[in-house]
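Quick note, this note's numbering runs 2 ahead of the 1-based positions in the sequence shown. Here is the structure we will look at, set down as structure tokens.
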Amino acid sequence: MGDIREDADRIIKNTIQDNLPYKAVEDALSEFKLKDKDNIYILSIGKAAWTMCKAACDCLDDKIRKGIIITKYEHSQGDLEKITIIEAGHPITDENSVKGTEMAIDLANSLSENDILLFLISGGGSALFEKPLGDLTLDDIIDINNQLLSSGADIIEINMIRKRLSAVKAGRFAKIVHPAKVYTIILSDVLGDRIDSIASGPATADLTTSTESLNVINKYGINVSDKVMNYLSIETPKHIENVETIVTGSVKTLCYSAAKHAESLGYKPYILSTTMNCEAKDAGKLIGSIAREINNGKYSLKSPCAVFFGGETVVHITGNGKGGRNQELSLAAANEIEELEKILLFSIGSDGTDGPTDAAGGIVDGKTKGKLLEKGIKIEDVLQNNDSYNALKAVNGLVFTGPTGTNVNDLTVLLCK
Numbered sequence: 003m004g005d006i007r008e009d010a011d012r013i014i015k016n017t018i019q020d021n022l023p024y025k026a027v028e029d030a031l032s033e034f035k036l037k038d039k040d041n042i043y044i045l046s047i048g049k050a051a052w053t054m055c056k057a058a059c060d061c062l063d064d065k066i067r068k069g070i071i072i073t074k075y076e077h078s079q080g081d082l083e084k085i086t087i088i089e090a091g092h093p094i095t096d097e098n099s100v101k102g103t104e105m106a107i108d109l110a111n112s113l114s115e116n117d118i119l120l121f122l123i124s125g126g127g128s129a130l131f132e133k134p135l136g137d138l139t140l141d142d143i144i145d146i147n148n149q150l151l152s153s154g155a156d157i158i159e160i161n162m163i164r165k166r167l168s169a170v171k172a173g174r175f176a177k178i179v180h181p182a183k184v185y186t187i188i189l190s191d192v193l194g195d196r197i198d199s200i201a202s203g204p205a206t207a208d209l210t211t212s213t214e215s216l217n218v219i220n221k222y223g224i225n226v227s228d229k230v231m232n233y234l235s236i237e238t239p240k241h242i243e244n245v246e247t248i249v250t251g252s253v254k255t256l257c258y259s260a261a262k263h264a265e266s267l268g269y270k271p272y273i274l275s276t277t278m279n280c281e282a283k284d285a286g287k288l289i290g291s292i293a294r295e296i297n298n299g300k301y302s303l304k305s306p307c308a309v310f311f312g313g314e315t316v317v318h319i320t321g322n323g324k325g326g327r328n329q330e331l332s333l334a335a336a337n338e339i340e341e342l343e344k345i346l347l348f349s350i351g352s353d354g355t356d357g358p359t360d361a362a363g364g365i366v367d368g369k370t371k372g373k374l375l376e377k378g379i380k381i382e383d384v385l386q387n388n389d390s391y392n393a394l395k396a397v398n399g400l401v402f403t404g405p406t407g408t409n410v411n412d413l414t415v416l417l418c419k
């Protein structure tokens, strides 16, 4: 791909660096004035949990009594003094998720009104921070999560169900912490920054209703037992009194940062959406068609330009392959930009992982489809089988960043040079 591939690599690297949460956490702590307080305990959950906790430890130092990190496997970056680190399952909850959450509940129950809990939340918290409610089991949670993740439901709808089956979501954890005060810093991975949906809102009143959750079950044909249905009918907490919250970082800042770096490389930047949440392959097809229009010179956007889309697409699983939404989007776009020169598209998860894979996403250009056909791989068959990872791997079309330490949705960029 030559220079355009190098441009893409540079934009990816610099954008992720700009969106690491260290400074955002530092600023939020100053706003809370926590440096003036004592008896501070930390709970940090999500895929950016280690980075957020490290920032808090550096800022607060001897103010911290002890803390817990619950993050995705291979997302810890080393030991931190006074902090217990639990790595657990994502996107599917596992026994370590429950183990870490039970430790967090024990910590919460030990706090008095003179103590402070600094609660650091980032994307992935819904799977990582979990204890089944009542007589529900981990198998119950895993079954419904698997169904929801493969149904095409968006993150708001998925979390609407998750929170009703959990002992800690939908504000229930804040109730456990009471009478201690909770200061929450949230790194948003949810479009619109709805704090009741980020990590399923463990420290905020729930804005959704049981009726809405039952509508989701019916909309996507989710199979649930009578036991699960009973819990879905129970209303969640609607009033939380011991929490202050700051939301820091979002997909908007991700897009603005990427646009800045593209402009420095000579591209005219255009941010077309920061709320993209449609089917991944439909998004890829649309963006690919935009690339074709730009290439034909019949579009209002003229090259050299860079077009940006932020958000979180969904995948309706129809096969048994391996991949993620960003890889699927990229592959669908490759179908549309076949044989176009000096056109490139990449789509990545800002956390460095796309679905249950080790890739951050995919990168394609006008030659990708031809290379796949030379290997006997048809894009239509791959998308049907949801096997975008193996197809892109065969043509050097995967983006690898490793765990980044942040998580503010996905970034899709079309470069026209």
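Heads up, the beta-carbon is just placed ideally off N, CA and C, and yes, glycines get one too.
Q. Using DSSP with H/G/I as helix, E/B as strand and the rest coil, what is A155?
A. Coil.
Q.
Pull the bridge partners of K84 from the DSSP assignment, please.
A. Paired residues: none, contrary to the question.
Q: Return helix, strand or coil for G4, following the three-state DSSP convention.
A: Summary for G4: the model assigns pLDDT 48, below 50, so the residue's position carries little reliability, and this model does not support an answer.
Q. Under the DSSP definition of a beta bridge, which residues are partnered with D412?
A. Looking at the DSSP assignment, D412 forms a beta bridge with G313, G351.
Q.
I want to know whether the stretch 256 to 265 touches the stretch 17 to 26 - three or more CB-CB distances under 8 Å.
A. These segments touch.
Q.
What would DSSP say about I143, mapped onto helix, strand or coil?
A. Taken through DSSP and simplified to helix, strand or coil, I143 comes out as helix.
Q.
For the alpha helix (DSSP H) containing I66, name the first residue and the last one.
A. I66 -> not in any alpha helix (DSSP H); beta strand (DSSP E) instead, spanning 66 to 74.
Q: Would you decide whether T210 is buried or exposed? Buried here means 16 or more other CB atoms lie within 10 Å of its CB.
A: It counts as buried.
Q: Note down, in chain order, each residue of its chain lying with its Cβ closer than 7 Å to the Cβ of V179, except the 5 sequence neighbours on either side.
A: Answer for V179: A110, L113, L119, N244, listed in chain order.
Q: Count the other CB atoms, across all protein chains shown, that sit within 10 Å of the CB of T53; report buried if there are 16 or more and exposed otherwise.
A: Counting other Cβ atoms within 10 Å of its Cβ, T53 reaches 16 or more and is therefore classed as buried.
Q | Closest by C-alpha distance to E339, when choosing among S128, E295, E314, K300 | A | It is worth fixing the name first, because residue 339 is Ile in this sequence and not Glu. The residue with the shortest Cα to Cα distance from I339 is E295.
Q.
Just to check my reading of the structure: V253 and L193 have Cβ atoms closer than 8 Å, yes? What is that Cβ distance to the nearest angstrom?
A. Yes, V253 and L193 are in contact; Cβ-Cβ is about 7 Å, under 8 Å.
Q | Proximal residues to K177 (C-beta, below 8 Å), its chain only, five neighbours per side dropped | A | Within the same chain, K177 has close Cβ partners P239, I242.
Q) Mapping DSSP to helix, strand and coil, what is C418? A) In the structure shown, C418 sits in a strand (DSSP, three-state: E or B).
**Q.** Integer-rounded CB distance, given that P134 should sit under 8 Å from T408
**A.** The pair is not a contact, with the Cβ atoms about 29 Å apart (cut-off 8 Å).
Q: Note down the Cα distance separating F402 from S349, rounded to an integer number of angstroms.
A: Roughly 11 Å between the two C-alpha positions.
Q) Between the stretch 319 to 338 and the stretch 262 to 276, do at least 3 Cβ pairs fall closer than 8 Å? A) No, the stretch 319 to 338 does not touch the stretch 262 to 276.
Q) Do you know offhand how far D208's Cα is from D9's? A) Distance between the alpha carbons of D208 and D9: 43 Å.
Q) Is the stretch 57 to 70 touching the stretch 82 to 89 in the sense that three or more CB pairs, one from each, lie closer than 8 Å? A) The stretch 82 to 89 makes contact with the stretch 57 to 70: 3 or more CB pairs, one atom from each, lie closer than 8 Å.
**Q.** Of the listed residues L31, E97, G48, nearest to D60 (C-alpha basis)
**A.** Checking every option, the nearest Cα to that of D60 belongs to L31.
Q) Ordered along the chain, which non-local residues of its own chain (more than five positions away) have a Cβ less than 7 Å from that of G368? A) I339, E340, E341, L342, E343, I345.
**Q.** I14 - DSSP class collapsed to helix/strand/coil
**A.** Three-state result, I14: helix.
(Q) Taking its Cβ as the centre, do 16 or more other Cβ atoms sit within 10 Å of Q329, making it buried, or is it exposed? (A) Buried, by the Cβ-count rule.
Q: Below 7 Å CB to CB, which residues in the same chain sit around I157 once its five sequence neighbours on both sides are set aside?
A: Cβ neighbours of I157 beyond the five flanking positions: V192, S199, E314.
Q.
If you reduce the DSSP assignment to three classes, tell me which class F402 lands in.
A. When secondary structure is reduced to three states using DSSP, F402 falls in the coil class, being assigned neither helix nor strand.
Q | DSSP-derived helix/strand/coil call for K183 | A | Shown here, K183 sits in a strand according to DSSP, grouped into three states.
(Q) Just list the residues that DSSP pairs F121 with in beta bridges. (A) Partner(s): L45, T186.
Q) Who are C55's beta bridge partners in DSSP? A) C55 pairs with nothing; no bridge assigned.
Q.
Do G364 and L413 have their beta-carbon atoms positioned less than 7 Å apart in this structure?
A. No, they are not a contact pair.
(Q) Going residue by residue through the stretch 192 to 251, where are the continuous beta strand (DSSP E) segments of at least 3 residues, counting only ones entirely within it? (A) Entirely contained in the stretch 192 to 251, the beta strand (DSSP E) runs reaching 3 residues are, in chain order, 245 to 249.
Q: Determine the direct distance from the alpha carbon of N337 to that of K419, and round the result to whole angstroms.
A: Rounded to the nearest angstrom, the two C-alpha atoms are 19 Å apart.
Q) How is K270 classed by DSSP in three states: helix, strand or coil? A) Strand at K270.
Q: Taking only the alpha-carbon atoms, compute the straight-line gap between E382 and I70 and give it to the nearest angstrom.
A: Distance between the alpha carbons of E382 and I70 is about 45 Å.
Q) Of all the alpha helix (DSSP H) runs that stay within the bounds of the stretch 324 to 401, which reach a length of 4 or more residues? A) Segments of the alpha helix (DSSP H) lying fully in the stretch 324 to 401: 327 to 338, 370 to 376, 381 to 386, 390 to 396.
Q. Sorted by chain position, which residues of the same chain lie with C-beta nearer than 7 Å to A58's C-beta, five sequence neighbours on each side aside?
A. For A58, where only same-chain residues beyond five positions count, the Cβ hits under 7 Å are V27, L31, I44, L120, L122.
Q. Is the beta carbon of N161 less than 7 Å from the beta carbon of S128?
A. Their beta carbons are under 7 Å apart, which means N161 touches S128 by this criterion.
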